[in-house]
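Under the numbering used here, the first residue of the sequence shown carries the number 10, and numbering increases by one thereafter.
Just so you know, even glycine gets a beta-carbon here, dropped at the ideal spot from N, CA and C.
Okay, structure first, notes after.
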Amino acid sequence: MKAVILVGGEGMRLRPLTCSIPKSMVPIVNRPFLEHMIDYLKEHAIDDIILALWYLPHSIQSYFGDGSSFGVKLTYVVESSPLGTAGAVKNVEQHLDETFFVFNGDIFTDIDLTQMMRLHRQRGAKVSIALTPVEDPTIYGVVETDSGGRVKRFIEKPRREEAPSNMINSGAYIIEPEVLSHVPPGLNFTFERELFPLLLERGDPVYSYPSDAYWIDIGTPEKYLQLHHDLLAGRVKKTFPGERAGEGIWVEEGCDIHPQAKLEGPTIIGRNCLIGPGVRVMGPSVIGQGCHIGRDSLIQGAILWHNTRLGQGVALKNCVVAESVSIGDRSQVMEGCVLGNNVVLGCDERLAQGARVWPEESHPLP
Ligand code: GTP
């Protein structure tokens with residue numbers, strides 16, 4: 010089966026993590042987000058995938074190639090200007106000759122796509138939209154349906170009292186190719202605000218597929234951290250690479266962990282890491298490959314990308330530290346901080362809660 014994945018967005022809300030890579034390449038437990046998504050699609054026999062790209066397409070193309078190493082066929086189509094969600098699918102129309110799935114390239118979910126397709130066919134739908142419940146529907150697109158699941162109305166970011174339910178558009182669709190005849194070519198056009206409301210006006214059969222399976226979009230650093238915490242806590246079914254080195258602890262090959270370091274699960278440590286004496290890693294934490302953690306440092310609920318260096322006595326708490334960051338002795342990075350690639354933090358620095366540090370920045374300034 011075929012799917013289009015929309016991976017062209019700039020991912021502004023996830024900055025500084027998306028300053029030099031697209032959202033779909035940010036690592037989730039040490040592998041690009043998109044690799045997890047491809048695994049999930051394969052489980053549902055979706056192995057012919059068209060990637061609609063715009064922002065920083067080369068990093069995706071060079072990592073995944075033709076897809077054969079990942080067990081799928083990948084086709085890349087790069088937009089010359091961002092076409093919006095429906096415009097991007099229109100732009101790959103020449104590859105779509107059968108019923109196909111579409112996914113926002115930033116959702117992590119367990120929705121049963123096989124069952125969703127079965128229902129789509131049974132109902133003779135032109136479009137099926139997977140719905141997911143959320144606590145706060147006011148920042149999403151809410152979908153109102155009748156008792157048979159047929160969509161009646163879309164309400165973008167409703168006020169709480171106006172929201173008919175907490176079921177939102179999850180960014181996963183099944184679409185019949187003829188629907189694309191209503192999308193103007195070469196123009197920015199969205200599913201949510203333009204195409205789907207137009208189909209309702211026409212009276213076309215648009216159905217919902219409500220699901221309470223796991224679902225999150227990694228649009229913001231808070232949700233990025235949340236996904237890691239959920240994965241590590243086992244709220245989503247997932248296996249981790251590496252050897253089990255204790256309750257909830259997975260360590261990949263080539264690591265040198267000092268016997269006086271203390272690891273508490275759930276924690277994942279990538280290849281070739283060096284962990285000094287007196288270090289304490291408390292889950293849920295992920296340490297990317299090639300990281301060096303200096304003696305007596307504390308890592309608590311933090312996500313580290315590859316090749317980061319921590320001096321001695323460093324403390325990281327519930328934060329995200331991107332690739333090749335260097336943090337000097339005794340510095341502290343507090344809750345919700347996000348450090349971009351190649352940030353350099355000197356000794357005895359303290360980053361207050363929620364600080365964002367842009368790639369290549371140094372603190373203090375040289
Ligand atoms: P923000 O800038 O933080 O809002 O993120 P975003 O640019 O990714 O936008 P949003 O989260 O609304 O996009 C949802 C999905 O659609 C993401 O997977 C985007 O990559 C994708 N997307 C959004 N706009 C475009 C576009 O113009 N072209 C393509 N190909 N994909 C897009």
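As assigned by DSSP and simplified to three states, the class of ASP239: In the structure shown, ASP239 adopts helical secondary structure according to DSSP, grouped into three states.
Residue closest to CYS356, alpha-carbon to alpha-carbon, out of ILE284, GLY158, VAL342: Nearest C-alpha to CYS356: VAL342.
Residues bridged to LEU83 by DSSP? Looking at the DSSP assignment, LEU83 forms a beta bridge with ILE58.
Rounded C-beta distance between ALA12 and ILE58? I'm assuming under 8 Å. The pair is a contact, with the Cβ atoms about 5 Å apart (cut-off 8 Å).
Whose CA, out of ASN327, GLY337, ALA311, VAL192, lies closest to the CA of GLY303? Nearest neighbour of GLY303 by Cα position, chosen from ASN327, GLY337, ALA311, VAL192, turns out to be GLY337.
Is the stretch 174-190 touching the stretch 107-127, taking contact as three or more C-beta pairs under 8 Å? They touch, by the three-pair rule.
Which residue from SER335, GLY20, ASN39 puts its Cα closest to that of THR248? It is ASN39 whose Cα lies nearest to the Cα of THR248.
Counting Cβ pairs closer than 8 Å, one from the stretch 67-87 and one from the stretch 48-58, do we hit at least three? The stretch 67-87 vs the stretch 48-58: in contact.
According to the Cβ coordinates, are TYR72 and GLU19 closer than 7 Å? Their beta carbons are not under 7 Å apart, which means TYR72 does not touch GLU19 by this criterion.
For the structure I just gave you, are there three or more beta carbon pairs, one from the stretch 144-163 and one from the stretch 200-207, closer than 8 Å? With a cut-off of 8 Å, the stretch 200-207 and the stretch 144-163 count as touching, because enough Cβ pairs lie within range.
What I want to know is whether the C-beta of GLY150 ends up closer than 6 Å to one or more non-hydrogen atoms of the ligand GTP. For GLY150, the distance from the CB to the nearest heavy atom of the ligand GTP is not below 6 Å.
Would you grab the beta carbon distance between GLY363 and GLY345 for me? Rounded to a whole angstrom, and I think it's under 8 Å. The pair is a contact, with the Cβ atoms about 4 Å apart (cut-off 8 Å).
Just to confirm the assignment, what range does the alpha helix (DSSP H) spanning MET46 have? Start and end: 42-52.
At what residues does the alpha helix (DSSP H) containing GLY93 begin and finish? Per DSSP, GLY93 belongs to the alpha helix (DSSP H) from 93-99.
Of all the alpha helix (DSSP H) runs that stay within the bounds of the stretch 211-289, which reach a length of 4 or more residues? You should have 230-241.
Tell me, to the nearest whole angstrom, how far the beta carbon of GLN321 is from that of SER306; I am working on the premise that it is less than 8 Å. Between GLN321 and SER306 the beta-carbon gap is near 7 Å, inside 8 Å, which marks them as a contact.
Just to confirm my understanding: we take VAL295, look at its own chain, exclude 5 residues before and 5 after, and list those with CB closer than 7 Å. What are they? Around VAL295: VAL38, ASN39, HIS237, ILE277, ILE312, LEU313.
Alpha carbon to alpha carbon, how far is LEU319 from ASP75? Going from the Cα of LEU319 to the Cα of ASP75 covers about 37 Å.
Closest by C-alpha distance to GLY274, when choosing among GLN131, LEU140, PRO293: Nearest to GLY274 by C-alpha distance, out of GLN131, LEU140, PRO293, is PRO293.
Candidates LEU26, MET126, LEU50, HIS315: closest to PRO219 by CA position: Answer by Cα proximity: MET126.
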